[in-house]
Amino acid sequence: MGLTVAPQTQTCSPVERNAQALQPLPAEADRRIPDSQAVSGRQDLAWAWLGTPTRRYPHSALGSPVHAGSVHALVKSRAGGWAMVELVLPLNRVYEDRVPRIVDLDRDGREEIVLIEADALRGASLVVLGVDHATDGPRLVERARGPFAGSTFRWLNPVGVADFDGDGQLDIASVVTPHIGGVLQLLHARPPALLPFARALDVSNHRMGALEQDLAVIVQQPGQRPTIVLPDMTRRALHALRWDAPGQWTELADLKPLPGLIERLTPLPQGACATLADGRTLRVTLSH
1 MGLTVAPQTQ TCSPVERNAQ ALQPLPAEAD RRIPDSQAVS GRQDLAWAWL GTPTRRYPHS
61 ALGSPVHAGS VHALVKSRAG GWAMVELVLP LNRVYEDRVP RIVDLDRDGR EEIVLIEADA
121 LRGASLVVLG VDHATDGPRL VERARGPFAG STFRWLNPVG VADFDGDGQL DIASVVTPHI
181 GGVLQLLHAR PPALLPFARA LDVSNHRMGA LEQDLAVIVQ QPGQRPTIVL PDMTRRALHA
241 LRWDAPGQWT ELADLKPLPG LIERLTPLPQ GACATLADGR TLRVTLSH
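For the sequence shown, the working numbering assigns the number 1 to the initial residue and increments by one for each residue that follows.
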């Protein structure tokens with residue numbers, strides 16, 4: 001196995017999140033918080049977006065002290081139509097995020113929303129929201145939550161979702177405190193909790209103050225567990241990490257130096273396209 005880095009002749013095009021939307025984007029989504037994205041699902045959750053801009057948690061990890069006080073979604077009702085639902089946070093919480101992540105985490109045919117939620121005293125945590133149909137109409141409810149980052153203004157940034165330990169169930173990868181000693185964390189989804197089961201040090205997937213949250217990719221190769229490719233804390237080199245039995249990280253290549261600071265990693269088959277701070281682009285390939 002190895003990791004190769006070579007000049008890329010084309011720019012790194014962002015991943016298209018909304019190529020096959022189930023429904024048109026509702027007009028209400030125009031009122032989402034600044035610099036955030038409305039994201040479409042593929043099954044029973046047509047759209048999700050963040051609303052209710054607030055400055056009550058003045059942390060600027062994403063470049064602005066304005067965060068979301070609510071999340072909104074267009075979901076399929078039991079009657080087969082589409083309904084608008086929302087979840088409003090208490091005054092001590094915000095969604096310190098810009099991109100709702102829609103995924104069928106438990107593979108039951110119903111999608112969930114994964115978000116970064118921050119508490120005024122305990123910092124950020126990952127939360128999984130689902131649609132509850134037990135009442136008169138659908139509503140958003142919390143399905144699972146991970147550990148808090150520890151204190152005010154401590155943040156985390158998700159990497160993505162995959163079956164990292166080969167047990168047939170999807171897990172979540174995230175980097176805790178990516179600016180001050182980043183820790184890659186893998187979590188089992190065991191509602192009502194997200195339970196950490198693996199950690200790796202000296203990683204980052206975000207630059208403080210940047211709006212860009214995509215600075216890590218998950219590479220799935222035939223017959224292998226998923227590999228996470230992401231920068232080290234300097235953002236001048238790349239790790240390629242895989243969680244292997246009997247419970248240890250495998251570094252699939254020597255730490256790969258880069259010719260500049262990395263700003264974004266865009267998924268490509270068997271690797272990624274890396275955008276550097278000076279505008280150069282590189283092809284990153286994970287080889288057998």
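Virtual Cβ for every residue (Gly too), placed ideally from N, Cα, C.
{"query": "Continuous beta strand (DSSP E) stretch holding Ser70: start and end", "result": "67-76"}
{"query": "Cβ distance (whole Å) where Ala274 is taken to contact Leu261 below 8 Å", "result": "Wrong, their Cβ atoms sit about 10 Å apart, outside the cutoff."}
{"query": "6 Å Cβ shell around Val284 - same chain, five flanking residues per side excluded", "result": "Val5, Gly271, Ala272, Ala274"}
{"query": "For Ala29, the three-state DSSP class (helix, strand or coil)", "result": "helix"}
{"query": "N-terminal and C-terminal residue of the beta strand (DSSP E) that Leu230 is part of", "result": "227-231"}
{"query": "Backbone CA spacing between Ser40 and Glu96 [nearest angstrom]", "result": "20 Å"}
{"query": "Cα-Cα separation, Gln23 to Leu268", "result": "28 Å"}
{"query": "Proximal residues to Gly109 (C-beta, below 8 Å), its chain only, five neighbours per side dropped", "result": "Gln43, Asp44"}
{"query": "Exposure of Leu187, with buried meaning 16 or more beta-carbon neighbours within 10 Å", "result": "buried"}
{"query": "Straight-line Cα distance separating Ala79 from Arg242", "result": "43 Å"}
{"query": "Other residues of its chain near Val217: CB distance less than 7 Å, five sequence neighbours each side excluded", "result": "Val229, Leu265, Pro267, Ala272"}
{"query": "Alpha carbon of Gly63 to alpha carbon of Leu211, nearest angstrom", "result": "6 Å"}
{"query": "Three-state secondary structure (DSSP) of Ser204", "result": "coil"}
{"query": "Environment of Thr9 [buried if 16+ CB atoms lie within 10 Å]", "result": "exposed"}
{"query": "Contact under 8 Å by Cβ, Leu140 with Leu129", "result": "yes"}
{"query": "From Val203, Ser151, Gly168, Thr152, residue whose alpha carbon lies closest to that of Val159", "result": "Val203"}
{"query": "Short Cβ contact (8 Å threshold) for Ala73 with Val94", "result": "no"}
{"query": "Where the beta strand (DSSP E) containing Asp132 begins and where it ends", "result": "123-132"}
{"query": "Beta carbon of Arg107 nearer than 8 Å to that of Leu170", "result": "yes"}
{"query": "Rounded separation between Trp249 and Val161 - CA only", "result": "17 Å"}
{"query": "Per DSSP, the bridge partner or partners of Tyr57", "result": "Answer by DSSP bridge pairing: none, since Tyr57 is not bridged."}
{"query": "Integer-rounded CB distance, given that Pro231 should sit under 8 Å from Leu215", "result": "6 Å"}
{"query": "Boundaries of the beta strand (DSSP E) in which Asn292 is found, first to last residue", "result": "This structure does not reach residue 292, given that the chain is present from 1 up to 288, and the question cannot be answered."}
{"query": "Pro147, enclosing beta strand (DSSP E) - first and last residue", "result": "Unbroken run through Pro147: none, as it is neither H nor E."}
{"query": "Distance CB(Val114)-CB(Arg101) smaller than 8 Å", "result": "yes"}
{"query": "Reduced DSSP secondary structure (H/G/I, E/B, other) of Arg101", "result": "strand"}
{"query": "Residue span of the beta strand (DSSP E) that contains Gly271, given as start and end", "result": "271-276"}
{"query": "Contact under 8 Å by Cβ, Ala70 with Leu91", "result": "The residue asked about is misnamed: residue 70 is Ser in this sequence, not Ala. For Ser70 and Leu91, no; Cβs fall outside 8 Å."}
{"query": "Other residues of its chain near Ala237: CB distance less than 8 Å, five sequence neighbours each side excluded", "result": "Pro231, Leu255, Lys256, Pro257, Leu258"}
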